[in-house]
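Structure, as structure tokens:
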Amino acid sequence: MCSEIQGIPQKHQHCTLGCRGGHGGHTMSDRHSPLLLQAISISKAINTQEAPVKEKHARRIILGTHHEKGAFTFWSYAIGLPLPSSAILSWKFCHVLHKVLRDGHPNVSVPSAVSLLLHGQGEISGSCQHPSGHLHDRYGQLVSIYTRLLLTKISFHVKHPEFPPGLEVSDEVLEKTAGTDVNNIFQLTVELFDYLDCELKLSESVFRQLNTSMAVSQMSAVQCRLAPLIQVIQDCSHLYHYSVKLMFKLHSCLPADTLQGHRDRFHEQFRSLKNFFKKASDMLYFKRLIQIPRLPESPPNFLRASALAEHVKPVVVIPEEAPEDEEPENLIEISTTSTTEPQVGGPVAAATWDQPAFVHRDAQIESLNKEVETLRAEMKKIKLEVKPGWGGRTGWGGGLVLCCGNPEGMQHEQGPAIQCCVLGPLPVPGCDS
1 MCSEIQGIPQ KHQHCTLGCR GGHGGHTMSD RHSPLLLQAI SISKAINTQE
51 APVKEKHARR IILGTHHEKG AFTFWSYAIG LPLPSSAILS WKFCHVLHKV
101 LRDGHPNVSV PSAVSLLLHG QGEISGSCQH PSGHLHDRYG QLVSIYTRLL
151 LTKISFHVKH PEFPPGLEVS DEVLEKTAGT DVNNIFQLTV ELFDYLDCEL
201 KLSESVFRQL NTSMAVSQMS AVQCRLAPLI QVIQDCSHLY HYSVKLMFKL
251 HSCLPADTLQ GHRDRFHEQF RSLKNFFKKA SDMLYFKRLI QIPRLPESPP
301 NFLRASALAE HVKPVVVIPE EAPEDEEPEN LIEISTTSTT EPQVGGPVAA
351 ATWDQPAFVH RDAQIESLNK EVETLRAEMK KIKLEVKPGW GGRTGWGGGL
401 VLCCGNPEGM QHEQGPAIQC CVLGPLPVPG CDS
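Quick note on numbering: the sequence shown equals residues 1 to 433 in UniProt numbering.
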């Protein structure tokens with residue numbers, strides 16, 4: 001495994017950043033090629049088409065953050081997106097950001113840059129509402145809920161850096177984070193409840209919309225709504241487990257009557273989460289993408305300490321993606337070297353080519369080359385604009401938010417009042433190809 005992808009989550013390591021040319025088999029020698037491939041994937045993942053984000057594009061974006069040890073390319077593109085103009089665009093942006101937060105490079109999670117952009121999405125739910133009250137209105141509501149979830153996620157992980165955005169920690173780390181002070185344990189449990197509430201509200205809102213419209217999970221429009229719930233399922237499984245552990249810990253320290261409110265809230269979340277997992281498990285769309293754990297028939301009995309031994313941690317399994325999800329390698333050629341070398345096999349082999357398909361492939365390669373050159377020029381322009389000595393911070397792996405302080409409620413970093421200088425917009429993405 002090459003050194004560039006060390007530290008990348010195992011499920012993403014099989015996605016190779018290098019591609020081989022269509023004519024001469026040239027590898028990409030340009031050292032910026034992974035970033036260019038990432039930029040192309042961003043433009044294809046975040047668009048106005050009502051279809052789910054393709055996993056191959058999300059993988060390349062995540063790999064790109066590990067390659068550049070941050071999210072400079074991601075934010076270079078995202079900062080120019082006209083999010084208030086399209087609720088679908090905003091929905092897919094939230095989905096990609098959720099995936100990047102979970103699996104991207106740790107430097108992605110700089111709270112000031114993320115929160116500033118997400119706070120700017122406050123107008124989305126209103127500006128995206130359509131007078132007819134149909135498609136845009138429904139997506140606008142979902143975007144508003146998703147934005148609050150992401151802000152809650154960021155705020156929690158800033159306050160508790162022991163928990164990575166992917167939320168997977170050992171029981172020993174959980175015990176150490178909770179400590180022995182009952183007040184700290186009590187507060188951490190409340191924050192986990194709040195976090196889980198936001199996750200469940202998003203899932204409930206998505207299913208509520210599906211119940212009042214189309215409900216066939218294989219429809220592209222339905223999958224566009226369902227796709228982010230994969231990350232929600234992953235988050236919920238960890239949050240539920242940590243809540244159970246801390247509730248037992250609290251009941252060993254405090255009287256049962258004092259924790260009646262906590263038990264009531266947990267039981268409500270348990271019923272909601274069990275219903276969510278059951279509905280998702282029954283949908284054909286999720287069956288090939290994720291293995292959803294089963295929760296017990298009844299919630300744990302916190303009044304009986306020995307019941308902790310009966311608790312089984314719910315484990316979510318993401319199967320390896322099928323290789324068919326990858327683009328054929330000979331569709332992309334972004335090498336700057338010549339591609340006019342003769343094909344192996346001579347004239348006889350050349351005569352067997354289907355001429356129209358060959359010409360069509362040449363047109364595709366030429367179109368992709370032009371797109372790559374445009375992205376290379378944009379990235380060069382951005383790097384020239386972001387210079388040392390501007391007095392700004394370069395969050396998110398190189399950073400697009402300059403001279404910025406803390407958003408309201410975020411105490412992770414010291415800084416002056418919010419004052420932003422952002423780079424100009426990049427090209428608006430079209431539909432997925």
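Beta carbons are placed, not taken as given, at the ideal position from N, Cα and C, and that holds for glycine.
Is residue j closer than 8 Å to residue i when the C-beta atoms are compared?
i: P228; j: Y146; result: yes
i: I61; j: V96; result: yes
i: F302; j: I292; result: no
i: V53; j: A87; result: no
i: F266; j: S298; result: no
i: G64; j: T73; result: yes
i: V316; j: S237; result: yes
i: F193; j: Q260; result: no
i: T189; j: L250; result: yes
i: I46; j: L101; result: no
i: S272; j: L200; result: yes
i: I230; j: I290; result: yes
i: E50; j: C253; result: no
i: G166; j: D257; result: no
i: E191; j: T177; result: no
i: L36; j: L375; result: yes
i: L196; j: Y139; result: no
i: L174; j: K245; result: yes
i: H98; j: L150; result: yes
i: K159; j: N107; result: no
i: H105; j: H157; result: no
i: M283; j: H262; result: no
Using the three-state DSSP reduction, which class does residue i fall into: helix, strand or coil?
i: V232; result: helix
i: A227; result: coil
i: Q291; result: strand
i: V317; result: strand
i: H105; result: coil
i: C260; result: For the record, residue 260 in the displayed sequence is Gln; it is not Cys. If DSSP states are grouped into helix, strand and coil, Q260 belongs with the helices.
i: T65; result: helix
i: P52; result: coil
i: residue 440; result: In the structure as shown, the chain starts at 1 and stops at 433, and residue 440 therefore has no counterpart that could be examined.
i: S203; result: helix
i: S243; result: helix
i: S272; result: helix
i: L37; result: helix
i: A309; result: helix
i: L142; result: helix
i: C253; result: coil
i: residue 459; result: Since the displayed the chain opens at 1 and closes at 433, residue 459 lies outside it and no answer follows.
i: I46; result: coil
i: S237; result: helix
i: G409; result: Because G409 carries a pLDDT of 39, less than 50, the predicted location of this residue cannot be relied on, and no value is offered for it.
i: N211; result: helix
i: E371; result: helix
i: D362; result: helix
i: A71; result: coil
i: R60; result: helix
i: L426; result: With a pLDDT of 35 at L426, under the threshold of 50, the predicted position of this residue should be treated as unreliable, though the coordinate-derived value follows. Looking at L426 - three-state DSSP - the assignment turns out to be coil, as it is neither helix nor strand.
i: F277; result: helix
i: K92; result: helix
i: F266; result: helix
i: L303; result: coil
i: S220; result: helix
i: S298; result: coil
So residue i and residue j are in contact, right, with Cβ under 8 Å, and what is the actual spacing, rounded?
i: I233; j: A280; result: 6 Å
i: R148; j: C94; result: In fact, because the Cβ distance is near 10 Å, the residues do not count as touching under 8 Å.
i: S205; j: Q141; result: 7 Å
So, is the C-beta of residue i closer than 8 Å to a C-beta in chain B?
i: V96; result: Annotation note: the requested chain B is absent from the structure, which comprises a single protein chain.
Original post:
Going along the chain, which unbroken runs of the alpha helix (DSSP H) with 4 or more residues stay wholly within the region 146 to 193?
Top reply: 171 to 178
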